[in-house]
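Colleague:
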Amino acid sequence: MSKNLTKRSEDYSKWYNELVVKADLAENSGVRGCMVIKPYGYAIWEKMQAELDKKFKETGHQNAYFPLFIPKSYFSKEASHVDGFAKECAVVTHYRLKTGEDGKTIEVDPDAKLEEELIVRPTSETIIWDTYRKWVQSYRDLPILVNQWANVVRWEMRTRLFLRTAEFLWQEGHTAHATKAEAIVEAEQMMNVYADFAENFMAIPVVKGVKTANERFAGAEETYCIEALMQDGKALQAGTSHFLGQNFAKAFDVKFANQEGKQDYVWATSWGVSTRLMGALVMTHSDDNGLVLPPNLAPIQVVIVPIHKTDEQLAEISEEVNTLVAKLRKLNISVKFDDRTTHKPGWKFNEYELKGVPVRIAMGPKDLENGTFEVARRDTLTKEVVAKDDVVNYIQDLLEKIQSELFNKALDYRNSHITEVNSFEEFKDILDNKGGFVAAHWDGTSETEEKIKDLTKATIRCIALDRVEEEGQCVLTGAPSKGRVLFAKAY
């Protein structure tokens, strides 16, 4: 099995596209701009889903499901929201097809035009807030803490597997609260849930912050975000959580009687992460040999490959391996024993290296004789010979070690790619030659932000929550600044 992957140093974008396909994560479909997520890729997404779903439920949220189609009139109720999504909406105009006059072709029946067009959901605020109007009468009905696992459609012209597709999978939380303070606490809490998941399960370090007015979610008063840095020095928005104020409650007339008996509008949040996280996972850890997966998200954490010449040798090795497999599974370690005789061990080694399986174990006749296993790490490509009596504890410790070392490696890269600059010449030089986050003073105006974007293609990724307030001068205009913000080119 030959990988023939383009090297990252030669063409990072091509390397990514090839790796996603060759590692069996996803492929382009017959529908322009849409992807097929293959079983191995979907298994990773399922592990992400399971962990996030657990975290949502631990914080009091429940899952529900809302319609895929949203009446067009709903979008006109929140002006900034419709402006933000208008250019990306797919619109359903008819409800029936008919056979053409030639008796062979299929065409849209012009008599089946909908009275009101339906939008294929780009996000669900409008349909959900129309629903919440029926659910909320009193402060006793609040808070509503609901999450939805769904697909959404945003009509993209230039697509890339996982990172930007016309249809993608995600979760979207939508909550309603009696007070502003409670809604802000919720929005911040979910940003922290995302950050914890990214760092402890995906082994991806993130910067927590808030977006500028220009970069805010359409219809939000504040957008909290987690920003990650990929190996090519570009940033990727890994998750967002929005404080929506009372905008949607006012647009859809969602009122409640408060404890004083007075009518008030509820306060709202929404928050989500998507299959973009799959792209982040690939681009943060993988190398020129293929995927590198953190053990917490690997569908197969340990693969065992027998090396044998005869059926008798395979039978003896299998007996030893099956005992190990049972012990590992008792520890909730996902393990695969690949005893296929249709492929040679070298082919299997190559396949599992490409697919990023964290730990590979090999056992041959000599290992059987010596009572040992050969244990290889995918991340460092190093091998150790381990006695069979010690191998279970060794593997358990090794998986934890790989998880933490992948995080620390990514953290070191990220920290070494946050560069403070004080002039626009420095700013451009770092963006062009080093990449990463550029920490620079900004005068706080949308005009300056837009001008920097036009000149460099860099955007303000976030105003970091832990930034130090300090007087300075804007890197472009020289106007007063209260602190540095993080700029970067981004996916």
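First residue of the sequence shown: 722, per the working numbering; consecutive thereafter. Every residue, glycine too, gets a C-beta built ideally from N, C-alpha and C.
Give a yes or no on whether the C-beta atoms belonging to Ile987 and Ala1047 are separated by under 8 Å.
Modeller: Looking at the sequence provided, one finds Val at residue 987 rather than Ile. Contact annotation: Val987 and Ala1047 have beta-carbon atoms that are not nearer than 8 Å.
Colleague: Fully enclosed by the stretch 945-1029, which beta strand (DSSP E) runs are 3 residues long or longer?
Modeller: 956-966, 976-978, 984-986, 988-995 and 1023-1027
Colleague: So is Met769 buried or exposed if we call it buried at 16+ other beta carbons inside 10 Å?
Modeller: buried
Colleague: Kindly indicate if chain D contains any beta-carbon less than 8 Å away from that of Asn1091.
Modeller: The displayed structure is made up of one protein chain only, and chain D is not part of it.
Colleague: Under 8 Å by Cβ, that's how I've got Val1196 and Ile1116 pegged, so tell me the actual separation to the nearest angstrom.
Modeller: Contact doesn't hold; Cβ gap of about 50 Å is too wide.
Colleague: May I have a chain-ordered list of the alpha helix (DSSP H) segments no shorter than 4 residues that lie completely inside the stretch 1126-1179?
Modeller: 1145-1154 and 1167-1177
Colleague: Pull up the distance between the alpha-carbon of Glu799 and that of Gln967, whole angstroms please.
Modeller: In a straight line, the C-alpha of Glu799 is about 11 Å away from that of Gln967.
Colleague: Helix, strand or coil, according to DSSP, for Asn725 in the structure here?
Modeller: coil
Colleague: Just to confirm the assignment, what range does the alpha helix (DSSP H) spanning Lys1087 have?
Modeller: Pro1086 to Asn1091
Colleague: Buried or exposed, going by whether 16 or more other CB atoms sit within 10 Å of the CB of Tyr915?
Modeller: buried
Colleague: Have a look at Gln1034 and Ala747 and give me their C-alpha separation to the nearest angstrom.
Modeller: 37 Å
Colleague: Does Leu1035 come out as helix, strand or coil in the three-state DSSP assignment?
Modeller: helix
Colleague: My parser needs the beta strand (DSSP E) runs of 3 or more residues fully inside the stretch 801-883; what are they?
Modeller: 811-815, 818-820, 827-829, 834-841 and 865-874
Colleague: Give me the residue from Lys834, Ala833 and Lys819 with the minimum Cα distance to Ile827.
Modeller: Ranked by Cα distance from Ile827, the options Lys834, Ala833 and Lys819 are led by Lys819.
Colleague: Out of Arg1081, Lys1122 and Gly930, point me to the one whose CA is closest to Gln958's CA.
Modeller: Gly930
Colleague: Would Gly1085 and His1006 qualify as a contact pair, given that the criterion is a beta-carbon distance under 8 Å?
Modeller: no
Colleague: Of the choices Trp891, Gln869 and Ala811, whose alpha-carbon is the least far from that of Glu878?
Modeller: Residue 878 is actually Met in this sequence, not Glu. Nearest option by C-alpha distance: Ala811.
Colleague: Would you list the one or two residues that DSSP bridges to Trp766?
Modeller: Paired residues: none, contrary to the question.
Colleague: Taking its Cβ as the centre, do 16 or more other Cβ atoms sit within 10 Å of Tyr1073, making it buried, or is it exposed?
Modeller: If you draw a 10 Å sphere on the C-beta of Tyr1073, you find 16 or more other C-beta atoms in it, and that means buried.
Colleague: Rounded to the nearest angstrom, what separates Leu1119 and Ile791 at their Cα positions?
Modeller: 49 Å
Colleague: DSSP state of Gly1067, grouped into three classes?
Modeller: helix
Colleague: Relative to the C-alpha of Asp1032, which residue among Leu1045, Arg1061 and Val1013 is closest?
Modeller: Arg1061
Colleague: Under 8 Å Cβ to Cβ from Pro788, same chain only, skipping five residues before and after it: list those, please.
Modeller: Arg842 and Ile848
Colleague: Decide if the stretch 1204-1211 is in contact with the stretch 1187-1194; the criterion is three or more beta carbon pairs, one per stretch, under 8 Å apart.
Modeller: yes
Colleague: Would you identify the three-state DSSP class for Ser734, choosing helix, strand or coil?
Modeller: Of the three classes helix, strand and coil, the one that applies to Ser734 here is helix, per DSSP.
Colleague: Decide if His694 is buried, meaning its Cβ has at least 16 other Cβ atoms within 10 Å, or exposed.
Modeller: It is not possible to answer for residue 694, since the shown part of the chain is limited to 722 through 1212.
Colleague: State the start and end residues of the unbroken alpha helix (DSSP H) segment that holds Glu905.
Modeller: In the sequence on display, residue 905 carries Ile and not Glu. First-last of the alpha helix (DSSP H) with Ile905: Lys901 to Asn921.
Colleague: Ala897 by DSSP, collapsed to three states: which one?
Modeller: strand
Colleague: Are Lys1087 and Ala1097 closer than 8 Å when you measure CB to CB?
Modeller: no
Colleague: Given the structure, does Val906 come close to the ligand GTP, in the sense that its CB is under 7 Å from one of the ligand's heavy atoms?
Modeller: Of ligands this structure carries none, so the ligand GTP is not represented either.
Colleague: Relative to the C-alpha of Asn1136, which candidate in Gln952, Ala902, Asp1164 and Thr996 has its C-alpha closest?
Modeller: When C-alpha distances from Asn1136 are compared across Gln952, Ala902, Asp1164 and Thr996, the shortest belongs to Gln952.
Colleague: When DSSP labels each residue in this structure, what does Ile1053 get in the three-state scheme?
Modeller: In the sequence on display, residue 1053 carries Asn and not Ile. It is coil, neither helix nor strand.
Colleague: What number of angstroms, rounded off, separates the C-alpha of Gly910 from the C-alpha of Ser991?
Modeller: In the sequence as presented, Gly is not what sits at residue 910; that position holds Gln. Roughly 12 Å separates the two Cα atoms.
Colleague: Can you give me the Cβ contacts of Thr1093 inside the same chain, cut-off strictly under 6 Å, excluding the 5 residues immediately before and after it?
Modeller: Val1106 and Ala1108
Colleague: What first and last residue would you give for the beta strand (DSSP E) that runs through Phe1208?
Modeller: Arg1205 to Ala1209
Colleague: Does the separation of the CB atoms of Leu710 and Gly1011 fall below 8 Å?
Modeller: No information on residue 710 is available, as it lies outside the stretch 722 to 1212 that the chain covers here.
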